[in-house]
Amino acid sequence: MSERRFPYPDEVKLPEGVDPEVYKRMYAYYRLPATLLFGRDAPKELVEWERKMFWYQDSLHHYDVMYPLDDIHPATWEIALSTYNSRIFVVPPANGIPHRIVNGYLFISFVPVLDEKEIQKRLEYFQKRAGYYYQNWNDIYEKNWKPEAEKIVKEMESLEFRDLPEVEDEKIVFERMGYSPSAYHLVDNWLRLVMLHQRLWWKHFEMLNLGYAAYLLFYQFMKQKFPDIPDQHIALMVAGIDVILFKPDLELRRLAKLAVELGVADRILSFSTAEQMEAELSRSNNPKERKWFEEWNSVKYPWFYYTTGIGFYHHEPRWIDDLNIPFNFLKDYIIKVKRGEKLETATERLRRQRDDIAAKYRELLKEEDRKLFDQYLQVARTVFPYVEEHNFFVEHWGHTVFYNKVKEVGKILSKHGFLERPEDIFYMTWWEVYLALLDLVASWAVVMPPVGKYYWPREIAKRKEIISKLKEYKPPPALGRPPEVVTEPFTVMLWGVTRERIEDWLGTAAGAGKIIKGFPASPGVVEGRAVVVTSVEELNKVKEGDILVCPNTSPAWGPVFAKVKAVVSDIGGLMAHAAIVAREYGVPAVVGTGNASRIIKDGQRIRVDGFKGVVEILE
């Protein structure tokens, strides 16, 4: 009987027609499997280490082929997350999360700490360092984290990328500046943009893993005291959070109410596009229309700096770049208000529910355990909002600014013939952009033809062909020998990787019929018409009362949660964004089904049981 495992990284071959030399230039060398990088001379130590690890595709965050420039995000978070785990807070059972890019897709693993003596040694570091953050959480978050994160984003915004002039300004001479600001700052600002991006990701993980760890401590305590407690009950005890991440949706609700209050709702609904609305209202003499329009413009920054995806790809539409996205959500809300519906969130109801659940479990505990229960629950509730809120500053606001600045550089390189289109810059790595800018500056300074004008269009044409082939390739869900039991808690809670899911990947699970199982993410049982959505462009298919079925969701889909009866996703665990957002919007949800979006068809009637984590196809 053959070994039940996935292929090892060294066994995966590039798709036919992909030039390995071009492919290897697209990514940092240390992120590639050893055998691809070194060939037959691959060091035995590296190959054996890669074979020892269990890798799975991070489709929760990186669902698409990694474009060379987009890979700056995971390459940065690999370092930041891992350093906080292993070297700063010294998390007792966990070191870092290693990456390998296999045929363009990101695979990740975990490096556990297995030696019990080492875990106890690390525990001393962790208790002192993490304890300081837990004791001062709100103070650190409000006085340090938020201001610093905002400062980094605004510093990125302040960077200017200007084309090189014919002749430098004479003030350089008469003010004795001693250098060419045009040449120097074009290159320097690019490097500053890259490093500010990295600095923002250090902020991302400064408190995130501690947030998860606090929840994990509470989770483990409850499982110890109540072995049969549903995971969902534990999650609900920390629900009812008020976070910035939901602010864009709340602002759209406020604008909808204001439109009805001012009597301009029908006027706004009459416009087919945001561009038409802005053109008309910008020159309106109606004071009520102008008042509403001023409010619309006032919320754009920063609340429309919101990606419709996860935030890791340049091709994901951002609200600020396509105002029709929030405008269409807004019109849905206006219609609801006109019907007399109250656009209230489920937050207050969730808080009453969580307090009721917590009180009942507390009552069942022995007197000596109640103090520990109170402590763990209080810390979990204190830190948990950060688990979602940090995303707005980094993946949404920060990445939107980052991408807009990258596009400015793309326009300059395109103007000088390095790129056929400004968007082609995303087929370059960040250090290749740096070299191209040096090439441009050198040719400008010497007054000679730039080499990049002839090199990059040819190279990028080859890379486009490779990306196209990789998109046709279906990567395996995992690599290596699966563990007998999945014990790493974040693997289960965030990514939804369980032994059952691995069996499904291996093809040894029971065949999919009319019953689909996943994680019970948000309570409730409903029946309705399924609408399968695989991209933001398909969101307009979703009608009032539908059940959304998708590979994954984004926090920016919040307004859609106000329309649907329930949500079913392929990816994620109890702490995935889709699960958290569903609970906060009071929508029943089952996540981590593995393949619901491929099994369920548009229009089918389904039943979603958010208590048991079961989806049933009724017809």
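Take the sequence shown: its letter number 217 is residue 217 in full-length UniProt numbering, and every next letter is one higher.
Backbone N, C-alpha and C define an ideal beta-carbon position, used for all residues, glycine too.
Sequence-distant residues of the same chain with beta carbon closer than 8 Å to residue i, five excluded per side
i: Ile357; result: His233, Leu236, Met237
i: Val383; result: Tyr134, Trp137, Met207, Leu210, Gly211, Ala214, Tyr215
i: Leu377; result: Phe218, Met237, Val238, Ala358
Of the listed residues the options, nearest to residue i (C-alpha basis)
i: Ile599; options: Pro555, Ile516, Val394, Ala521; result: Ile516
i: Val536; options: Ser522, Gly496, Val409, Tyr306; result: Tyr306
i: residue 620; options: Lys257, Leu377, Gly410; result: Shown here, the chain extends from 1 to 619; a query on residue 620 therefore has no answer.
i: Ala259; options: Pro248, Gly524, Met448, Pro287; result: Pro287
i: Ala478; options: Phe519, Glu21, Asp58; result: Asp58
i: residue 706; options: Glu584, Gly524, Leu372, Val590; result: Residue 706 lies beyond the range of the chain shown here (1 to 619); nothing can be said about it.
i: Asp321; options: Tyr301, Glu170, Ser86; result: Tyr301
i: Thr83; options: Met66, Val111, Tyr67; result: Val111
i: Trp292; options: Leu252, Gly311, Val568; result: Leu252
i: Lys464; options: Arg5, Pro9, Glu45, Pro68; result: Pro68
i: Ile606; options: Gly594, Ile547, Gly398; result: Ile547
i: Lys407; options: Arg5, Glu45, Asp70, Lys44; result: Asp70
i: Gln224; options: Tyr361, Lys471, Asn85, Leu539; result: Tyr361
i: Glu157; options: Pro326, Ala380, Ser109, Asn404; result: Asn404
i: Ala16; options: Phe161, Tyr473, Ile617; result: Position check: residue 16 holds Glu in this sequence, whereas Ala was assumed. Of the listed residues, the one whose Cα sits closest to Glu16 is Tyr473.
i: Arg254; options: Pro230, Asn285, Glu295; result: Glu295
Closer than 7 Å: residue i CB and nearest the ligand GDP heavy atom
i: Trp444; result: Ligands displayed in this structure: none; no statement on the ligand GDP is therefore possible.
6 Å Cβ shell around residue i - same chain, five flanking residues per side excluded
i: residue 631; result: Only positions 1 to 619 of the chain appear in this structure, which leaves residue 631 out of reach.
i: Trp444; result: Leu164
i: Lys601; result: none
i: Ala509; result: No answer about Ala509 holds up, because its pLDDT of 47 lies below 50 and its placement is not dependable.
i: Val299; result: Glu251
i: Val153; result: Trp397, Gly398, Val401
i: Ala578; result: Thr553, Ser569, Gly572, Val591
i: Gly96; result: Ser82, Asn85, Ser86, Val111
Run of the beta strand (DSSP E) containing residue i, from where it starts to where it stops
i: Asp609; result: 605-609
i: Tyr56; result: 55-57
i: Tyr105; result: 105-108
i: Val615; result: 614-617
i: Val102; result: 99-102
i: Ile516; result: 515-517
Alpha helix (DSSP H) segment containing residue i, residue limits
i: Lys154; result: 146-158
i: Phe218; result: 181-225
i: Phe38; result: 34-38
i: Ile119; result: 116-135
i: Ile467; result: 452-472
i: Lys371; result: 367-391
i: Asn595; result: Run containing Asn595: none; DSSP gives neither H nor E here.
i: Phe174; result: 171-174
i: Leu81; result: 72-83
i: Arg25; result: 20-25
i: Trp49; result: 44-52
i: Ile600; result: Note, Ile600: premise wrong, no alpha helix (DSSP H); not H, not E.
i: Glu500; result: 499-506
Chain D contact for residue i (CB, 8 Å cutoff)
i: Tyr455; result: Protein chains in the displayed structure number just one, and chain D is not present.
Cutoff 7 Å; reference residue i; Cβ partners in own chain excluding five residues on either side
i: Glu389; result: Val243, Ile244, Leu245
i: Gly613; result: Lys517, Gly518, Phe519, Pro520, Val590
i: Asn324; result: Thr273, Ala274
i: Pro33; result: Pro9, Asp10, Glu50, Arg100, Val102
i: Tyr125; result: Val90
i: Leu196; result: Ile152, Glu155, Met156
i: Pro7; result: Pro476, Leu479
i: Glu619; result: Gln604, Arg605
i: Glu616; result: Lys514, Ile515, Ile606, Arg607
i: Met1; result: Any answer about Met1 is weak, because its pLDDT of 35 lies below 50 and its placement is not dependable; what the coordinates show is given next. The answer is none, since no qualifying residue turns up.
i: Lys13; result: none
i: Glu3; result: none
i: Ser522; result: Ala579, Ala582, Arg583, Val587, Pro588, Ala589, Gly610
i: Arg5; result: Gly480, Arg481, Pro482
*Would you mind listing the beta strand (DSSP E) stretches within the segment 522-590 that are 3+ residues and don't spill past its ends, in chain order?*
525-532, 547-550, 566-569
*Mind the definition here: the segment 428-435 touches the segment 182-197 only if three or more C-beta pairs lie below 8 Å; say whether that holds.*
yes
*Tell me the start and end of each unbroken alpha helix (DSSP H) in the segment 396-447 that is at least 4 residues and wholly inside, in chain order.*
You should have 399-415, 430-446.
*Are the segment 555-568 and the segment 325-338 touching, with three or more C-beta to C-beta distances below 8 Å?*
yes
*Is there contact here, the segment 210-223 with the segment 260-272, by at least three beta-carbon pairs under 8 Å?*
no
*Is the number of C-beta pairs between the segment 404-422 and the segment 449-462 that are closer than 8 Å three or more?*
yes
*Touching by the beta-carbon criterion (3+ pairs, under 8 Å), the segment 271-289 and the segment 346-353*: Contact between the segment 271-289 and the segment 346-353 is absent, because fewer than three Cβ pairs lie under 8 Å.
*Which ranges would you report for the alpha helix (DSSP H) in the segment 317-348 if only whole runs of at least 4 residues count?*
324-338
*Please determine if the segment 467-486 and the segment 578-590 are in contact, where contact requires at least 3 C-beta pairs separated by less than 8 Å.*
no
_Length-filtered (4 minimum) alpha helix (DSSP H) runs lying within the segment 236-308_ = 247-262, 265-269, 274-281, 287-303
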